[in-house]
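Q:
Chains as they are written, first to last, in my numbering: chain S, 279 to 553; chain E, 155 to 504.
#1: Starting from residue 481 of chain S, trace the beta strand (DSSP E) both ways and give me its first and last residue.
#2: Mind reading off the beta-carbon distance from residue 239 of chain E to residue 392 of chain S? Whole number of angstroms is fine, and I expect it under 8 Å.
#3: Output yes or no for whether 7 Å exceeds the beta carbon distance between residue 450 of chain S and residue 377 of chain S.
#4: Would a check of beta-carbon distances place residue 217 of chain E closer than 7 Å to chain B?
#5: For the beta strand (DSSP E) containing residue 373 of chain E, list its first residue and its last residue.
#6: Would you kindly work out how many angstroms separate the C-alpha atoms of residue 255 of chain E and residue 308 of chain E, rounded to a whole number?
#7: Measuring only between beta-carbons, confirm whether residue 180 of chain E sits less than 7 Å from chain S.
#8: To the nearest angstrom, how far is the alpha carbon of residue 204 of chain E from that of residue 450 of chain E?
#9: Measure the alpha-carbon distance for residue 190 of chain E versus residue 241 of chain E and round it to whole angstroms.
#10: Between the alpha carbons of residue 186 of chain E and residue 390 of chain S, how many angstroms are there, rounded?
#11: Enumerate in chain order the residues of its own chain whose CB-to-CB distance from residue 412 of chain E is below 6 Å, with the five nearest sequence positions on each side excluded.
#12: By the criterion of Cβ-Cβ separation under 9 Å, what are the contact partners of residue 263 of chain E in chain S?
#13: How close, in whole Å, do the beta carbons of residue 439 of chain S and residue 524 of chain S come, if the pair is a contact with beta carbons under 8 Å?
#14: Please decide whether residue 311 of chain S counts as near chain E, where near means a Cβ-Cβ distance under 7 Å.
#15: Give the range of the alpha helix (DSSP H) segment to which residue 211 of chain E is assigned.
#16: Any beta-carbon of chain S closer than 7 Å to the one on residue 366 of chain E?
#17: Counting only C-beta atoms, is residue 365 of chain S closer than 7 Å to chain E at any point?
#18: Could you run through the segment 378-396 of chain S and flag, in chain order, every residue whose CB is less than 8 Å away from some CB of chain E?
#19: Scan the segment 418-505 of chain S and note each continuous alpha helix (DSSP H) run of 4 residues or more that stays entirely inside, going in chain order.
#20: Output needed for residue 395 of chain S: all residues of its chain with C-beta closer than 6 Å, excluding positions within five of it in sequence on either side, in chain order.
#21: Taking the Cβ atom as the reference point for each residue, do residue 402 of chain S and residue 305 of chain S lie within a distance shorter than 7 Å?
#22: Verify the CB distance criterion: does residue 553 of chain S have a CB-CB separation below 7 Å to chain E?
#23: Could you pull out every unbroken beta strand (DSSP E) segment of at least 3 residues lying fully inside the segment 422-457 of chain E, listed in chain order?
#24: List the residues of chain S whose Cβ lies closer than 9 Å to the Cβ of residue 273 of chain E, in chain order.
#25: Using a C-beta cutoff of 7 Å, does residue 506 of chain E count as contacting chain S?
#26: DSSP state of residue 406 of chain S, grouped into three classes?
#27: For a contact meaning CB atoms closer than 7 Å, what does residue 300 of chain S contact in chain E?
#28: To which residues of the same chain is residue 172 of chain E closer than 6 Å at the C-beta, ignoring the five residues directly before and after it?
#29: Give every residue of the same chain whose Cβ lies closer than 6 Å to the Cβ of residue 169 of chain E, excluding the five residues on either side of it in the sequence, and list them in chain order.
#30: Taking Cβ positions only, does residue 207 of chain E come closer than 7 Å to chain S?
#31: Note down the Cα distance separating residue 292 of chain E from residue 465 of chain E, rounded to an integer number of angstroms.
#32: For the alpha helix (DSSP H) holding residue 273 of chain E, just list the boundary residues, first then last.
#33: Less than 8 Å between C-beta atoms, sequence neighbours within five positions excluded: which residues of the same chain meet that for residue 426 of chain E?
#34: Could you have a look at residue 501 of chain E and say whether DSSP puts it in helix, strand or coil?
#35: Have a look at residue 364 of chain E and residue 299 of chain E and give me their C-alpha separation to the nearest angstrom.
#36: What are the start and end residues of the alpha helix (DSSP H) that includes residue 524 of chain E?
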């Protein structure tokens with residue numbers, strides 16, 4: 279060992295190259311851990327597959343209800359964007375539990391007492407979430423294709439569905455992380471998720487078009503970000519998408535994503551103060 | 155490099171945590187002063203909750219003090235935390251390694267975070283794996299490693315970037331006796347390796363006594379005594395005589411009896427026992443026991459011991475040293491922490 283520490287003189291606290299390289303390494307750390315568990319990856323897809331094929335078969339005939347308005351498409355095809363949005367939300371809602379584990383284990387503090395870019399600690403979480411949700415969304419699109427669904431919107435439409443899923447995942451991932459850092463209790467996150475998961479799913483057009491909903495439900499649905507993702511995706515998958523509303527809903531999702539990431543950064547600061 | 159001859163200089167550190175339900179919060183640090191010379195093992199000794207870990211958090215930039223200054227190798231912790239982070243290695247009370255990555259991956263990532271290139275990071279990881287006897291388990295996931303092995307990896311992680319000062323916060327808490335002995339050997343080896351300064355916190359008197367060249371005894375957020383272990387023990391002059399009393403006897407009454415004897419001094423009530431000092435403990439014991447018999451309040455047991463840090467602690471804080479095992483004491487991945495705690499009192503009684 280030598281005594282000379284690696285002191286680059288006056289290294290600045292925040293530099294963009296460091297942010298990028300640290301985000302890269304920290305994201306790699308998370309994805310590597312996931313890639314080690316192929317069973318988990320497959321397991322994560324079982325639930326959306328069940329929703330897709332169980333509901334797709336069980337309610338196959340609902341497309342025939344007057345006012346359903348899904349053209350000539352199958353109910354399975356109708357479900358795909360809904361299940362993708364639902365999966366994006368479900369998968370991301372647990373990010374806070376992983377955050378609590380990192381805090382309890384001391385991993386977060388280890389990074390904080392070394393010159394790790396603070397911003398990269400947050401951006402790597404978002405990047406990990408985005409990659410995971412993106413891949414899962416693509417897998418669900420492929421499952422739908424296998425089941426006989428058609429995507430007239432083509433690659434562009436599919437890209438919108440995946441992007442909407444990723445944004446939605448980031449929204450709930452950000453909120454979950456914030457909850458994890460503030461409350462430091464797994465139970466709080468589990469309780470929140472159990473309470474909100476199904477209502478948020480069914481108060482959207484994921485399984486049923488809003489035209490067939492009671493009025494009060496339609497109002498709530500219009501405010502549900504999960505519904506924004508479902509509608510933007512479903513609309514983009516049609517043969518002739520109406521890009522105006524898609525852009526509006528996508529923009530809304532993007533804005534909400536920024537807000538939620540900002541919230542999780544703010545709670546991260548408060549965590550640092552509470553150490 | 156700096157001209158500051160000290161590795162660590164902390165002055166008047168104060169820190170109060172706000173805790174729900176506790177009016178005014180919990181004062182973790184209350185004017186803590188510490189100066190650590192380069193190249194030694196410096197021990198911060200105190201019971202749980204004394205403020206040792208908070209002091210380490212301040213010195214390692216994890217938390218900001220409410221008042222006071224802290225300087226590492228001449229660099230101010232508050233003003234230039236990022237610079238300080240390059241000078242220090244930290245082995246925290248909780249492991250901090252990534253359980254879902256291998257030992258080697260953990261080391262490489264840490265090296266990359268410190269700005270090393272890919273090749274240098276891999277080489278450094280291999281070097282540390284060899285040095286800490288981890289080469290055989292390098293490719294295993296950390297969560298599958300034993301507590302002692304994980305702890306060695308933690309120390310290796312703290313050394314990746316060749317820091318000038320290494321902080322070891324309760325490095326042997328939760329380890330079985332065998333792993334503890336191995337860790338002690340490791341820490342001695344570290345101190346010998348050219349010029350590294352080690353700041354060690356511990357609530358084990360024996361550990362501090364064996365490893366630290368200089369000690370600061372911390373109690374209630376401040377340093378109550380400092381010096382080499384021998385100096386601290388030398389100040390006590392004489393043997394410790396400790397009496398355990400049977401239930402039903404009144405410690406104050408026993409104290410009165412002892413205070414009337416010329417051969418013992420510094421009589422104190424400590425828990426359900428009474429402690430005193432004597433220039434020649436073995437010679438004083440018969441007189442003490444006889445006096446107690448006469449007074450009708452016999453002792454249950456008596457121990458005579460050469461001065462220990464336990465006695466130092468008693469002298470400066472007025473309390474016997476009984477590190478209770480709190481929740482903070484046992485990291486999540488270990489279970490056998492309380493039984494592994496070397497009994498300071500037994501040690502002193504020998």
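Note that the Cβ used here is the ideal one computed from N, Cα and C, for glycine as well.
Computed from a predicted structure; not experimentally measured.
A: Let me lay it out:
#1: Segment: none, residue 481 of chain S is in no beta strand (DSSP E) and carries neither H nor E.
#2: Residue 239 of chain E to residue 392 of chain S, Cβ: 6 Å. Contact.
#3: Cβ atoms of residue 450 of chain S and residue 377 of chain S: not closer than 7 Å.
#4: Of the protein chains in the structure, S and E, none is chain B.
#5: 368-373
#6: 13 Å
#7: False, the Cβ-Cβ gap to chain S never drops below 7 Å.
#8: 39 Å
#9: Cα-Cα distance, rounded: 15 Å.
#10: 23 Å
#11: 418, 421 and 430
#12: 303, 304, 306 and 307
#13: The Cβ separation is near 11 Å, so there is no contact.
#14: So yes, residue 311 of chain S belongs to the interface.
#15: 206-213
#16: no
#17: no
#18: 382, 383, 384, 385, 387, 388, 389, 390, 391, 392, 393 and 394
#19: For the segment 418-505 of chain S, the continuous alpha helix (DSSP H) assignments of 4+ residues that do not extend past its boundaries occur at 432-461, 464-480 and 493-500, in sequence order.
#20: These residues qualify, in order along the chain: 296, 297 and 300.
#21: yes
#22: yes
#23: Within the segment 422-457 of chain E, the complete beta strand (DSSP E) runs of at least 3 residues fall at 427-432.
#24: Correct list: empty, because the minimum Cβ distance to chain S is about 15 Å.
#25: It is not possible to answer for residue 506 of chain E, since the shown part of chain E is limited to 155 through 504.
#26: helix
#27: Within 7 Å Cβ-Cβ: 267.
#28: A distance below 6 Å between beta-carbons, with the five flanking residues on each side excluded, links residue 172 of chain E to the following residues of its chain, in chain order: 179.
#29: 182, 183, 208, 219 and 220
#30: no
#31: 44 Å
#32: 272-285
#33: 398, 399, 401 and 405
#34: Because residue 501 of chain E carries a pLDDT of 36, less than 50, the predicted location of this residue cannot be relied on, and the following value inherits that uncertainty. Helix at residue 501 of chain E.
#35: 27 Å
#36: Outside the shown range of chain E, which is 155 to 504, sits residue 524 of chain E, and nothing can be said about it.
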